[in-house]
Amino acid sequence: MRRKGFPILRPLKLLTILVAILFVAPAVATAGWWSFVDRPGTWRSADWSSSGMLPAAPVTDEAAVYVFAARTGGLKGAFSVHSWIVLKRPGSARYERYDKVGWGSPIRRDGWAADGRWYSNPPEIVAMAQGARAVDLLPAMDAAIASYPWSHSGDYRIWPGPNSNSFVAHVLRQVPALGATLPPNAAGRDYAPGVASFDLAPDGRDLHVTLNGLAGFALGARSGLELHFLGLVAGVDIARPAVKIPAFGRVPLWPGS
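The sequence shown: position 103 = 103 (UniProt numbering), numbered continuously.
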């Protein structure tokens, strides 16, 4: 006679398999790839110089807003990028860079070159705006940077946050007009305090739900559909078709998306 198992075990088994396929397997595969990447052993030996993505000094008077991200160092680099914000004001001959770091002043201004490498890793531009659009965004960007709630000494935790990516994610949520979200491998971007957080974007076009940044989901015009687990993100980008792979990052489905 066939014995029946406990009904609750079947859903738990399916959930375990789903987590293994969606999150664990991609993260392990990315860690394996990262182990073969040539990289500096310490921060002292790393290259922090300009990547050359931006002119050393702005060549035009127009305003600009940039969001950069680059893989971080050590084992963390297998799972996460570090992100930062660069502002160029109209008529200014310099850039302003803003980072959240775990040492010194938590919100660091102009600590590195605007387009600098991070632990020798070249950055990518996550989002940008120039000209009149950037001029319109600058007041909101300034306000969002100033309103970051974890901006004091000691307000930093590598995982699950708040960290460098929690800072930039806060700014992007407060400035939905930029139309950007951080890459899926920006660990800490989904951190929120408390047991549970339900955050609807100011323009109502994105919903973010999280359990202390450890599990949750996002749904909306900018986020697409995302599932979050222990800082890893799996999902699909609908507006710019792409697959979001935990630890690895965003993979466009066709060029330019």
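For glycine and all other residues, C-beta sits at the position ideal for the given N, C-alpha and C.
Per DSSP, which one or two residues make a beta bridge with residue i?
| i | result |
| --- | --- |
| H228 | G216 and V233 |
| Q130 | A64 |
| K13 | Answer is none; K13 lacks a bridge partner. |
| F198 | V209 |
| A70 | H82 |
| I125 | F68 |
| S50 | G116 |
With a 10 Å radius around its C-beta and 16 neighbouring C-beta atoms as the bar for buried, classify residue i as buried or exposed.
| i | result |
| --- | --- |
| I145 | buried |
| R136 | Going by the sequence as given, residue 136 is Asp instead of Arg. Answer is exposed; the Cβ neighbour count stays below 16. |
| H152 | exposed |
| S45 | exposed |
| D203 | exposed |
| P193 | exposed |
| V195 | exposed |
| T16 | exposed |
| T210 | buried |
| L182 | buried |
| K13 | exposed |
| I245 | buried |
| L256 | Correcting the residue type first, residue 256 is Gly in the shown sequence and not Leu. Its Cβ having fewer than 16 others within 10 Å, G256 is exposed. |
| A169 | buried |
| V236 | exposed |
Using only the alpha-carbon positions, how far apart do residue i and residue j sit?
| i | j | result |
| --- | --- | --- |
| K88 | W33 | 36 Å |
| G188 | V37 | 23 Å |
| I238 | A63 | 29 Å |
| D199 | A143 | 18 Å |
| R39 | V81 | 14 Å |
| G216 | T60 | 43 Å |
| F248 | W48 | 22 Å |
| D155 | P162 | 7 Å |
| A132 | L214 | 39 Å |
| G102 | R10 | 43 Å |
| A27 | M53 | 29 Å |
| D206 | G220 | 4 Å |
| P160 | E226 | 17 Å |
| Q130 | I85 | 14 Å |
With residue i as the anchor, note down where its beta strand (DSSP E) starts and where it stops.
| i | result |
| --- | --- |
| L87 | V81 to K88 |
| R108 | I107 to R109 |
| D99 | E96 to K100 |
| A242 | A242 to I245 |
| P252 | G249 to P252 |
From which residue to which residue does the alpha helix (DSSP H) around residue i run?
| i | result |
| --- | --- |
| V28 | A25 to W34 |
| A169 | S164 to Q174 |
So does residue i have its beta carbon nearer than 7 Å to some heavy atom of the ligand FAD?
| i | result |
| --- | --- |
| S151 | Ligands displayed in this structure: none; no statement on the ligand FAD is therefore possible. |
Does the beta carbon of residue i sit closer than 8 Å to a beta carbon anywhere in chain D?
| i | result |
| --- | --- |
| A143 | Although the question refers to chain D, the structure presented lacks it and comprises just one protein chain. |
Under 8 Å, with one C-beta from each stretch per pair, do the stretch 19-34 and the stretch 88-101 reach the 3-pair mark? no
For the stretch 109-128 and the stretch 68-77, state whether three or more C-beta atom pairs, one from each stretch, are separated by less than 8 Å. yes
Counting pairs of beta carbons, one from the stretch 107-116 and one from the stretch 172-187, are three or more of them closer than 8 Å? no
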